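**Q**
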């Protein structure tokens, strides 16, 4: 493995890259041609460029792209696309370049990547390679979060046309529709020899610093060797709605040291009945589940001012 500095120099100097864009992401189809032409204008030699029309083919295409041996794999899409790319690039001597083309773009926000296409491509030209943590849901790596409860139902049932029309607002709209019949869970989180019990409609375990396009707290990030577990409200539906609104409004002013956050490096999560799980917005089995960390597992091209541990 080259050092981060050596890989940065190779990307800036040789500019050997592969482009993979999820054309099913919110802006992917619209911006694929623009991304390809602007990368060429920035001096990158594209070993190959892939517009992916069928999301189920994304892992195979990403594996093919990695096999071409680029220094930089540029992935365009939403958090699901970025998470898939991150899983395949973990512990490799290739940096991930982010083109945030999705609905919430949580991992891009966590990594300090600007959301505009021109600005994110400028980062690929002038930035630096950093390494970030990945979470592990069982054996599955993730960039942002694991959700248990209502969010898993929302991810399964949020209509794609609604997402295209309203963006990230589509998720709370879908949640409100599902909430009428959703029953709260008794959730047990075991970590550091202690058990924490919650009764709630929803619990998250986050690796990154953002959720639903907003900061979780002012001091959460993907480079701190910590997972952040937290329920959203209690057993009543009103509490869930109120706490969701509070999180959105006050996230930047809150700290990991405050309740209800648990900042740990590993945990075991179980529920009183099997509950669906979503990992970075994609359905992924059910509880119980072990969640851990792979520290500094992913190399990312980021702006020069982004801190790196």
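Residue numbers (the working numbering): 79 to 387. Glycine residues also receive a C-beta, built at the ideal position from the N, C-alpha and C atoms. Keep in mind the model is a prediction, meaning the values are calculated, not measured.
With DSSP run on the structure shown, which of helix, strand or coil describes residue 295?
**A** coil
**Q** Apart from the five residues on each side of it in sequence, which residues of its chain come closer than 7 Å, Cβ to Cβ, to residue 106?
**A** 99, 100, 154, 155, 179
**Q** When you compare only the Cα positions, how much space is there between residue 148 and residue 333?
**A** 39 Å
**Q** Just verifying my parser: in three-state terms, what is the DSSP assignment at residue 354?
**A** In the structure shown, residue 354 adopts extended strand secondary structure according to DSSP, grouped into three states.
**Q** Determine, using beta carbons only, whether residue 168 and residue 176 come nearer to each other than 7 Å.
**A** no
**Q** Please determine if the region 159 to 166 and the region 135 to 142 are in contact, where contact requires at least 3 C-beta pairs separated by less than 8 Å.
**A** yes
**Q** According to DSSP, what are the bridge partners of residue 279?
**A** Secondary-structure assignment with DSSP links residue 279 through no beta bridge to anything.
**Q** Hey, which unbroken runs of the beta strand (DSSP E) at 3 residues or more fall wholly within the region 89 to 157?
**A** 94 to 100, 123 to 130, 150 to 155
**Q** Quick one: which unbroken beta strand (DSSP E) runs of 3-plus residues sit fully inside the region 168 to 200? Chain order, please.
**A** 173 to 178
**Q** Does the Cβ of residue 218 have 16 or more other Cβ atoms within 10 Å, making it buried, or fewer, making it exposed?
**A** By the beta-carbon neighbour count (other beta carbons within 10 angstroms, threshold 16), residue 218 is buried.
**Q** Counting C-beta neighbours from all protein chains within 10 Å, is the total for residue 328 16 or more, i.e. buried, or is it exposed?
**A** exposed
**Q** Look at the alpha carbon of residue 124 and the alpha carbon of residue 226, and state the distance between them as a whole number of angstroms.
**A** 39 Å
**Q** Would you mind reading off the limits of the beta strand (DSSP E) that contains residue 268?
**A** 263 to 269
**Q** Is it buried or exposed, residue 165, if we count other Cβ atoms within 10 angstroms and call 16 or more buried?
**A** So residue 165 counts as buried.
**Q** Along the chain, where does the beta strand (DSSP E) that runs through residue 215 open and close?
**A** Residue 215: member of the beta strand (DSSP E) spanning 206 to 215, first to last residue.
**Q** Sort 373, 352, 356 by Cα distance to residue 365 and report the nearest one.
**A** 352
**Q** Pull up the CB-CB distance for residue 223 and residue 284, whole angstroms please, since I reckon it's below 8 Å.
**A** 4 Å
**Q** Starting from the Cα of residue 375, find the closest Cα among 173, 310, 152, 349 and give me that residue.
**A** 173
**Q** Short of 7 Å in beta carbon distance, which residues of its chain neighbour residue 357, apart from the five on each side in sequence? Order them along the chain.
**A** 215, 218, 220, 224
**Q** Do residue 276 and residue 330 have their C-beta atoms within less than 7 Å of each other?
**A** No, the Cβ-Cβ distance between residue 276 and residue 330 is not below 7 Å.
**Q** Looking at residue 188 and residue 118, is the spacing between their C-beta atoms short of 7 Å?
**A** Between residue 118 and residue 188, the gap from beta carbon to beta carbon reaches 7 Å or more.
**Q** Can you tell me which of the three DSSP states residue 349 falls into?
**A** Correct three-state label for residue 349: strand.
**Q** Cα separation between residue 150 and residue 371?
**A** 24 Å
**Q** Under three-state DSSP, which class holds residue 368?
**A** If DSSP states are grouped into helix, strand and coil, residue 368 belongs with the strands.
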